[in-house]
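J.: Same order as they appear, the protein sequences are chains A and B. Count the first sequence with the numbering used here and you get residues 1 to 199, in order. Count the second sequence with the numbering used here and you get residues 200 to 398, in order. Note that CB positions come from ideal geometry on N, CA and C, so glycine has one too. Source: prediction; values computed, not measured.
There are 2 protein chains.
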Amino acid sequence: MAKPLEFWFEFASPYSYLSAMRIETLAAEANVPLILRPFLLGPIFAAQGWADSPFNIYPAKGVYLWQDMAREAEAAGLAFQKPTDFPRGSLLATRIVTANAAEPWALAFSRAVFAANFAQDRAVDQPEVIAELLDALGLDGQALIARAADPSVKEELRQQTKAAQAQGLFGAPSFTVNGTLFWGNDRLERALEHAKSFA
Amino acid sequence: MAKPLEFWFEFASPYSYLSAMRIETLAAEANVPLILRPFLLGPIFAAQGWADSPFNIYPAKGVYLWQDMAREAEAAGLAFQKPTDFPRGSLLATRIVTANAAEPWALAFSRAVFAANFAQDRAVDQPEVIAELLDALGLDGQALIARAADPSVKEELRQQTKAAQAQGLFGAPSFTVNGTLFWGNDRLERALEHAKSFA
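See below:
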């Protein structure tokens, strides 16, 4: 049987948006179970000596990023605009998915957050925006936001981010299959092939 | 008519190896003229504050690089082994291609250098190895090495590396088409599509 694909994503990461929008379909086609692993890049970048996104620290990389993102989004048929605030704070959305990663709506909510940030330039760091996105899925936004502030959720996210680091993750999106790491939206197909190879 | 594809590569760059081995066939199939732009990443990394390859500076990135390279090389049907010396000095080979970029043998020589470094772990920073690779192509290795030391060649390479920086290059391989930048072996197909779109 295929091994599960663990999808490590950060809501502020542009290329995580590209993967989030296509991973459910691809995993279903490949018959590969999906496990959501939202995490925070901040602590991982800090451990590499970066206090900001490398796309902001290294200007040439940053200029290129937005050109490449526009092209890749267009090729994937996705709406895209450069967020006016980058990287936009991802803590609240990440905590909500962490607390609900196994819920059937977790990936749909994640896609809604990514699209709000990278296609509509909405302030997904604000609770009222997150509440609206949850409500639109027929959920109780206020209640889920309140629950996401629970110390157990904060601790779970800290552990998830530590686990990311322990597995050698250094960027997002990343995919792990049975402990093997794949980095970047460009490697999603390769990661799925690897997951299927255990069948 | 298709615009030419400019291929910016660094002999010490692992992913440049992957592109160098397939670019001639792909460009010919796409009917896209190819221009070789060998350059040095050292000055470009130095301008970003890096005194070494980022794969050495950031250990997690380095660990991943060699796993990813092994997988990508296998998928491309290419021999690969991690060089015992990384990044291996690329100055001599780069000067030779700079001085002979329009020669019909320039890309074949480049492929030979990449394969020697990344498949056979040979010391391509040594003149005797470079001479042997040139001789094997029916060329006069000694004469070409002597000519590569000419001040005009050194100056041409300095200008090429400056041109890379001026065009926003920050890594290798890169491809430019009519001033538009594409970065990484994963974007070679996209760059060729763009070149063809001018037809």
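1. Count the other CB atoms, across all protein chains shown, that sit within 10 Å of the CB of Phe397/B; report buried if there are 16 or more and exposed otherwise.
2. Is DSSP giving Val323/B helix, strand or coil here?
3. For Lys353/B, which of Phe369/B, Met220/B, Pro237/B and Ala219/B has the nearest alpha-carbon?
4. Which residue comes first and which comes last in the beta strand (DSSP E) that contains Arg13/A?
5. May I have the straight-line CA-CA distance separating Trp183/A from Leu291/B, to the nearest angstrom?
6. Taking Cβ-Cβ distances shorter than 9 angstroms, what residues in chain A pair up with Met328/B?
7. Taking all protein chains shown into account, do 16 or more other C-beta atoms lie within 10 angstroms of the C-beta of Gly141/A, making it buried, or fewer, making it exposed?
8. So Arg22/A contacts chain B; which residues on that side make the cut at Cβ distance below 7 angstroms?
9. Quick one: list the residues of chain A neighbouring Gly340/B, beta-carbon separation under 9 angstroms, in chain order.
10. Starting from Ser174/A, follow the beta strand (DSSP E) in both directions and report where the run begins and ends.
11. Below 8 angstroms between beta carbons: does that hold for Pro372/B and Ser212/B?
12. For Thr84/A, which of helix, strand or coil comes out of DSSP?
13. Would a check of beta-carbon distances place Tyr263/B closer than 8 angstroms to chain A?
14. Please report the distance separating the alpha-carbon of Gln280/B from that of Leu217/B.
15. Using the beta-carbon count (16 or more within 10 Å), is Asp251/B buried or exposed?
16. DSSP three-state label for Leu277/B, please.
17. List the residues of chain B whose Cβ lies closer than 8 angstroms to the Cβ of Phe170/A, in chain order.
18. Under a Cβ-count criterion, where at least 16 other Cβ atoms within 10 Å of its own Cβ denotes burial, should Gly77/A be classed as buried or exposed?
19. Can you grab the Cα-Cα spacing for the pair Met21/A / Arg111/A, in whole Å?
20. Using a Cβ-Cβ cut-off of 8 angstroms, state whether Gln126/A counts as contacting chain E.
21. Does any C-beta atom of chain A lie closer than 8 angstroms to the C-beta of Asp251/B?
22. Below 8 angstroms on C-beta distance, what does Trp183/A contact in chain B?
23. Give a yes or no on whether the minimum CB-CB distance between Gln160/A and chain B is below 8 angstroms.
24. What span of residues does the beta strand (DSSP E) with Arg236/B cover, start to end?
25. Using the DSSP secondary-structure output, state which residues sit across from Leu380/B in a beta bridge.
26. Please state whether DSSP places Phe7/A in a helix, a strand or coil.
27. Identify the contact partners of Arg270/B in chain A, using a Cβ-Cβ distance below 8 angstroms as the criterion.
28. Within the continuous alpha helix (DSSP H) that includes Asn255/B, where are the two ends?
29. Quick one: what does DSSP say Ser289/B is sitting in, helix, strand or coil?
30. What is the rounded straight-line gap between the Cα of Glu355/B and the Cα of Ala362/B?
31. Are Leu181/A and Gly168/A close, meaning C-beta to C-beta below 8 angstroms?
32. Distance, Cα to Cα, Ala131/A vs Phe118/A?
33. I'd like to know if Asp385/B contacts chain A, where contact means its C-beta is closer than 8 angstroms to some C-beta of that chain.
34. Quick check on Gln48/A - is its C-beta less than 8 angstroms from some C-beta in chain B?
35. To the nearest angstrom, how far is the alpha carbon of Ala274/B from that of Ser289/B?
T.: Taking the geometry as given:
1. exposed
2. coil
3. Pro237/B
4. For the record, residue 13/A in the displayed sequence is Ser; it is not Arg. Unbroken run through Ser13/A: none, as it is neither H nor E.
5. 33 angstroms
6. Looking at the sequence provided, one finds Val at residue 328/B rather than Met. In chain order: nothing, as chain A lies at least about 33 angstroms away.
7. buried
8. By Cβ distance, chain B contributes nothing, its closest Cβ being about 16 angstroms from Arg22/A, past 7 angstroms.
9. Neighbours of Gly340/B on chain A: none; closest Cβ ~36 angstroms, over 9 angstroms.
10. Ser174 to Val177
11. yes
12. coil
13. yes
14. 13 angstroms
15. exposed
16. coil
17. Tyr257, Ala259, Lys260 and Tyr263
18. exposed
19. 6 angstroms
20. Considering every chain present, this structure includes no chain E. Its protein chains are A and B.
21. no
22. Tyr263 and Asp267
23. no
24. Leu233 to Pro237
25. Thr375/B
26. strand
27. Arg190
28. Pro253 to Ile256
29. coil
30. 10 angstroms
31. yes
32. 18 angstroms
33. yes
34. yes
35. 26 angstroms
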